[in-house]
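Undergrad: If you read the sequence shown in numbering that gives the first Met the number 0, its first letter stands for residue 0, the second for the next number, and so on. Don't be surprised by glycine CBs; every beta carbon is placed ideally from N, CA and C.
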Amino acid sequence: MRKWSTVVLLLAWGLSSYGQDEVIDSLKAVLRSDLPDTSRVSTLLELSAQYYRTDQEEARKVALEAKALAEKSGHKSGLAYAYKAIGMTYYFQNNWVDALVQWKEALETFEAIGDANGVSNMLNNLGAVHFNGGDDKAALDYYLESLRAAESTNDSLRTVTALVNIGSVYLSKESSRGMALTYFRRALPLSQALGDHDAIGTSAVNLGELFMQDSTMIDSVRIFNPDSALFYFEMALDAYRSTVTGNVPFALKSIGTVYAYRKDYDQAIRYQTEAYQLALAMDAKLEMAQSLLSLADTYMKKGDISEAIATFHRARVLSVELEVLYEQEVAYKGLADSYSKASDYKQAYTYLNQYGEVRETLYNSEMDKKLQAQTLHYEIEKKEGQISLLEKDQELHALEIKRQKAIRNGTIAFGVLLLVLAGGLYNRYQYTRKTNAIITKEKERSEELLLNILPEEVAEELKAKGEAEAVHIDQVTVLFTDFKGFTALSERVTPKQLVKDLHECFSAFDLICEEHGLEKIKTIGDAYMAAGGLPTRNSSHAMDAIRSAFKMRDFIEEGKARKIANDLPFFEIRIGIHTGPVVAGIVGVKKFSYDIWGDTVNTASRMESSGEAGHVNISEATYERVKDEPGIAFTSRGKVQAKGKGEMEMYFVEQSSGGA
0 MRKWSTVVLL LAWGLSSYGQ DEVIDSLKAV LRSDLPDTSR VSTLLELSAQ YYRTDQEEAR
60 KVALEAKALA EKSGHKSGLA YAYKAIGMTY YFQNNWVDAL VQWKEALETF EAIGDANGVS
120 NMLNNLGAVH FNGGDDKAAL DYYLESLRAA ESTNDSLRTV TALVNIGSVY LSKESSRGMA
180 LTYFRRALPL SQALGDHDAI GTSAVNLGEL FMQDSTMIDS VRIFNPDSAL FYFEMALDAY
240 RSTVTGNVPF ALKSIGTVYA YRKDYDQAIR YQTEAYQLAL AMDAKLEMAQ SLLSLADTYM
300 KKGDISEAIA TFHRARVLSV ELEVLYEQEV AYKGLADSYS KASDYKQAYT YLNQYGEVRE
360 TLYNSEMDKK LQAQTLHYEI EKKEGQISLL EKDQELHALE IKRQKAIRNG TIAFGVLLLV
420 LAGGLYNRYQ YTRKTNAIIT KEKERSEELL LNILPEEVAE ELKAKGEAEA VHIDQVTVLF
480 TDFKGFTALS ERVTPKQLVK DLHECFSAFD LICEEHGLEK IKTIGDAYMA AGGLPTRNSS
540 HAMDAIRSAF KMRDFIEEGK ARKIANDLPF FEIRIGIHTG PVVAGIVGVK KFSYDIWGDT
600 VNTASRMESS GEAGHVNISE ATYERVKDEP GIAFTSRGKV QAKGKGEMEM YFVEQSSGGA
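1. Indicate whether the contact test is met: 3 or more Cβ pairs, each with one atom in the segment 245-260 and one in the segment 268-285, closer than 8 Å.
2. What number of angstroms, rounded off, separates the C-alpha of Ala148 from the C-alpha of Leu294?
3. Which of the three DSSP states, helix, strand or coil, is assigned to Glu569?
4. How far does the alpha helix (DSSP H) with Ala288 in it reach, from first residue to last?
5. Determine the direct distance from the alpha carbon of Pro248 to that of Gln640, and round the result to whole angstroms.
6. Using the rule of at least 16 other Cβ atoms within 10 Å of the residue's Cβ for burial, across every protein chain shown, is Arg546 buried or exposed?
7. Check whether the segment 564-576 touches the segment 477-493, taking contact to mean three or more Cβ pairs, one atom from each stretch, closer than 8 Å.
8. Determine the DSSP secondary structure at Ala641, reduced to helix, strand or coil.
9. Name the residue from Val319, Leu321, Asp303, Val323 whose alpha carbon lies nearest to the alpha carbon of Asp336.
10. Under 6 Å Cβ to Cβ from Thr37, same chain only, skipping five residues before and after it: list those, please.
11. Tell me, please, which residues DSSP counts as bridged to Ala161.
12. Which same chain residues, not among the five before or five after Lys559, have their C-beta less than 8 Å away from its C-beta?
13. Could you check where the beta strand (DSSP E) with Val470 kicks off and where it finishes?
14. Ordered along the chain, which non-local residues of its own chain (more than five positions away) have a Cβ less than 6 Å from that of Gln234?
15. Could you please give the first and the last residue of the uninterrupted beta strand (DSSP E) stretch that includes Lys519?
16. Contact criterion: CB-CB distance below 8 Å. Does Leu78 meet it with respect to chain B?
17. Do you know whose CA, among Leu125, Asp263, Asp598, Ala105, lies nearest Tyr80's CA?
18. Could you check whether Asn124 and Tyr142 sit closer than 8 Å to each other, using their CB atoms as the reference points?
19. Span of the beta strand (DSSP E) holding Gly531?
20. Could you check the C-alpha separation between Tyr275 and Lys300 for me, to the nearest Å?
21. Quick check on this structure: which residue in Ala58, Ser76, Asp237 has the alpha carbon closest to the alpha carbon of Tyr191?
22. Could you tell me the distance, in whole angstroms, from the CA atom of Ser175 to the CA atom of Leu334?
23. So the candidates are Met121, Phe210, Ala138; which of them puts its Cα closest to the Cα of His129?
24. Would Leu187 pass as a contact of Leu206 if the rule is Cβ separation under 8 Å?
25. Going by the DSSP bridge assignment, what does Glu646 pair with across the sheet?
26. With DSSP collapsed to three states, give me the class of Thr493.
27. Starting from Asp594 and walking both ways along the beta strand (DSSP E), at which residues does that stretch end?
28. Since Ser547 is in the alpha helix (DSSP H), which residue starts that stretch and which ends it?
29. How many Å lie between Ile400 and Ala179 at the Cα?
30. Once you ignore the five residues that flank Ala161 on each side, which residues in its own chain have a CB closer than 7 Å to its CB?
31. Which same chain residues, not among the five before or five after Ala69, have their C-beta less than 7 Å away from its C-beta?
32. Which residue wins for smallest C-alpha separation from Glu328, given the options Ala314, Ser506, Thr181, Arg184?
33. Give me the Cα-Cα distance between Val323 and Asp140, rounded to the nearest whole angstrom.
34. Going straight from the alpha carbon of Val492 to that of Ser604, what length do you get?
35. Leaving out five residues on either side along the sequence, give the residues of the same chain with a beta carbon under 8 Å from the beta carbon of Pro225.
36. Rounded C-beta distance between Ala288 and Tyr298? I'm assuming under 8 Å.
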């Protein structure tokens, strides 16, 4: 199950949902009165904060109004907090890139006005973005810098926040949990001195988790100690009961875990049931699932297998509904173990397979997280020097300088060797012509090579600025193809013939994509990936992808017919298409590439793997964009099980009369 490693954001105002409507009405009433600009900015920012978790678009609209007023009135502090508020709206949408942009602006503004507390605040929040984006090193750098800034001004609240967050980074790494212990132990007494119950609870519950980790070693000594864990879990429970953050169920189920370890199953069940009932009353479904998983595990330890199975099933349903993979992993593993204990090996095998699929998806998610971290790092760190392809331009520039130097030296020699100059001038003229021709040719080759790898718009940005920023694009359509029968074919033909066939197919696909305005992203073995609507955004990307898919399918069908006629082995094609948001940018330094990331890419891949040979399988999101387009028809497949995604609506799309 997921560790309780968490980060704390420093918000300008509280986010309690209790009485939220009354607070919003009160703030709006204040805004209708005659206020000085500084007070109006502060009130707008308080109003924006009320919407952070419930309506990010409204929160952003109000924060932008505060920003405009702060700029107009020259209210620098208000401007810094407006940037912060805008960043918060993106943060709660998991839009790390735009949150980074706004919080960098806030940081620079706080630094400009000498607001050390604001600087510490923003360093902490920047660290949180990197932590959630998978870049632990950058997160730790920001948190440590935030800690130094907070300690320099004796700001206890921000010091505690930084300590908790530093500990959370170390807690996520098994080899560094000793450092986590150090920072949480520093944070706890400071939290208690401040009377900050949320910080007390977070520090204590993390300490409890540390003492319950059987593998945690400090100075070669295992620190596993359920008694210490129970002490800190009970401290966290007391603290959380004084807050409105909704963390009480986690503390309760954690206490139950300790009692289950002690084989005091009745006490464990009492605490875990209370955790579930409280989460149910709050409609906190994630906490409900986590409480049920702990409860089911206790039933299994107790030997009550029928209750364990029933409870694991309830947790499984919730975790699938919430699409939380870690909880699904625990639920499927628990069901496999429970059915095995009940000697129902058929069911045990079924859930063991599903457990394996979720673990595979989790592994892929970890890879995506690492890629996301690389993307974030690329966007915010200035590269030292230019990307290698552009180094050719630097070489050419050096050649130009050398040529000019040669001309200058020749000019000096003119005064000394006047009689020889006639022949020398002609030779220099020829040399200059040849050198210019070389420079022009090399530039053209460099340009051509760059455009073969990157979209033209990205290449132009790269040449102009020495880098190309990653961007979030709201709507693109991603196309995946894969060959059915390719593995069998590879066993029947020579490697040379296999590569020839792939080259022929992918070359044709490249031309089809170019014809319909799709950007080829990459090939992975015998899979081909392209996307429409980027880097230049357009409204036709879904139909562009579908038209391309038809032509790709027809090209493969024609090749199949030829090979059958000649009694040669052949392969078929599956094509999947999905529409949604992505992050697009360049990764790599020596060998770099233009790529896209996000759940949209994973879903498009699932459309392909869930399709059938010879068909174009599209998601519900793509269907909604193209359902009224002329020249195409649809066959609803209903809800189809997609690996790692659960059941999804899918459609086969075909050309109708008149074509697409």
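TA: Reading it off the structure:
1. yes
2. 43 Å
3. Reading the sequence as shown, one finds Phe at residue 569 and not Glu. It is coil, neither helix nor strand.
4. 284-301
5. 32 Å
6. It is buried - the Cβ of Arg546 has at least 16 other Cβ atoms within 10 Å.
7. yes
8. In this structure, Ala641 counts as strand in the three-state DSSP scheme.
9. Asp303
10. Non-local C-beta neighbours of Thr37 in its own chain, meaning closer than 6 Å and more than five positions away in sequence, comprise His74, ordered along the chain.
11. Bridge partners of Ala161: none, in fact.
12. Phe569, Phe570, Glu571
13. 470-483
14. The sequence given here places Met at residue 234; Gln does not occur at that position. Closer than 6 Å at the Cβ level, and outside the excluded window around Met234, lie Ala203.
15. 518-523
16. The structure shown has no chain B; it contains just one protein chain.
17. Ala105
18. Taking 8 Å as the Cβ cut-off, Tyr142 and Asn124 do not qualify as a contacting pair.
19. Its beta strand (DSSP E) spans residues 526-531.
20. 19 Å
21. The sequence given here places Gln at residue 191; Tyr does not occur at that position. Of the listed residues, the one whose Cα sits closest to Gln191 is Asp237.
22. 32 Å
23. Ala138
24. yes
25. Gln640
26. Note: Thr493 maps to coil in three-state DSSP.
27. That run of the beta strand (DSSP E) goes 592-596.
28. 540-564
29. Low per-residue confidence applies at Ile400: pLDDT is 48, beneath 50, and the placement is therefore not dependable enough to give any value.
30. Asn123, Tyr142, Ser145, Leu146, Ala149
31. Val40, Gly77, Leu78, Ala81
32. The residue among Ala314, Ser506, Thr181, Arg184 with its C-alpha nearest the C-alpha of Glu328 is Ala314.
33. The alpha-carbon atoms of Val323 and Asp140 are separated by roughly 29 Å.
34. 27 Å
35. Shown here for Pro225: same chain residues with a beta carbon closer than 8 Å to its own, the five before and five after excluded, namely Phe210, Met211, Val257, Tyr260, Arg261 in chain order.
36. With 8 Å as the limit, Ala288 and Tyr298 do not qualify as a contact, their Cβ atoms being about 16 Å apart.
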